[in-house]
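With the sequence shown counted from 1, adding 47 to any position gets you this note's numbering.
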Amino acid sequence: MSRRLAQINIARLNHPIDAPEMADFVGALDNINALAERSPGFVWRLVGDGDDATDVRPEGLDDVIVNMSVWTGIEPLRRFVFQTAHAAVMARRAKWFPNFGSAYAVLWWIDEGHTPTVGEAMERLGQLERFGPCAEAFTFERAFDADGKPLDLPEIVKDCA
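Next comes the structure, spelled out in C-alpha cells:
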C-alpha cells in the first residue's frame, strides 16, 4: 500500500482568533489554504466549521489552534512550507503566536486513504517531544522516508527576489 505524509502544527494564540490583533493572520488563511490545495502533492487538509480549522482545538487546549494536512511526500510539503507565500506569512508568526516552548510540529507517514485525527496527531507530537525524531514522529530537520530510513534532505534555498 502506498504511504502519504501527514503533518500537524499547533500554535498558542496571543489573542482570541476574532480579535483585531489576529486580523492579518485570519485574513491570509483563505489565500494560503487555496495555495496549499493547488500545490503539487497536496492530498487533504483539516477543515472545521468554516473553510479553515481555526475552530478545531486539541482536547483540553482551548487557546491552541491546529493546522493539519496530508501530502504525497516530504518534498511537495517542503516546497509549499518554505518556497511559497506560506513562508512569508509564517515569518510573521511571532506577531500572532508566542513561542510554544515545546514541539509544535510533527510529520509522520500514514497509509493512503487514512484520514488522521487531531488526537492521533497530538499523540505523534507528544512522541516527538518525549523521544525526539524517529520514523514514527519526525521533523524536516531530521526526517525519515516511508520505509523508516533517515533522509538527508537538501537545504532549502530561499529566493532573494
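Ideal placement from N, C-alpha and C gives every residue a C-beta, glycine not left out. Quick caveat, the model's predicted, so the values are computed rather than measured.
Please state whether the Cβ-Cβ distance between Leu124 and Ala150 is less than 9 angstroms.
For the 9 angstroms CB-CB criterion, Leu124 and Ala150 do not form a contact.
Sequence-distant residues of the same chain with beta carbon closer than 6 angstroms to Cys207, five excluded per side
Bear in mind that the predicted position of Cys207 carries a pLDDT of just 43, short of 50, making it too unreliable to give a figure here.
What do you reckon, are the CB atoms on Leu172 and Phe187 nearer than 9 angstroms?
The answer is no: Cβ separation not under 9 angstroms.
Could you check how far apart the C-beta atoms of Asp71 and Asp98 are, in whole angstroms? I think they sit under 8 angstroms.
In this structure Asp71 does not touch Asp98 by the C-beta definition: roughly 18 angstroms separates them, more than the 8 angstroms allowed.
Backbone secondary structure at Ala150 - three-state DSSP
Three-state result, Ala150: coil.
Just the C-alpha distance for Val94 and Ala100, rounded to the nearest angstrom, thanks.
Each residue's alpha carbon lies about 5 angstroms from the other.
Leaving out five residues on either side along the sequence, give the residues of the same chain with a beta carbon under 6 angstroms from the beta carbon of Ala75.
Annotation for Ala75: Val136 place their beta carbon closer than 6 angstroms to its own, counting only its chain and skipping 5 residues before and after.
9 angstroms Cβ cutoff, Ile157 in contact with chain B
Annotation note: the requested chain B is absent from the structure, which comprises a single protein chain.
Residues that DSSP places opposite Val136 in a beta bridge:
In the DSSP output, where bridge partners are listed per residue, Val136 has none listed.
Is it buried or exposed for Ser116, if we count other Cβ within 10 angstroms and need 16 for buried?
Around the beta carbon of Ser116, a 10 Å sphere encloses 16 or more other beta carbons of the protein chains shown; the residue is thus reported as buried.
Boundaries of the alpha helix (DSSP H) in which Leu124 is found, first to last residue
Leu124 -> alpha helix (DSSP H) spans Ile121 to Gln130.
What's the call for Arg177, buried or exposed, on a 16-neighbour Cβ count within 10 Å?
Answer is exposed; the Cβ neighbour count stays below 16.
Per DSSP, cross-strand counterpart(s) of Asn78
For Asn78, no pairing in a beta bridge is given by DSSP.
Mapping DSSP to helix, strand and coil, what is Leu198?
Correct three-state label for Leu198: coil.
On the three-state DSSP scale, how would you describe Met48?
Note: Met48 maps to coil in three-state DSSP.
Note the first and the last residue of the continuous alpha helix (DSSP H) segment covering Met169.
DSSP places Met169 inside the alpha helix (DSSP H), whose first and last residues are Val165 to Phe178.
Range of the contiguous beta strand (DSSP E) that encloses Ser86:
Where Ser86 is concerned, there is no enclosing beta strand (DSSP E), given that its DSSP letter is neither H nor E.
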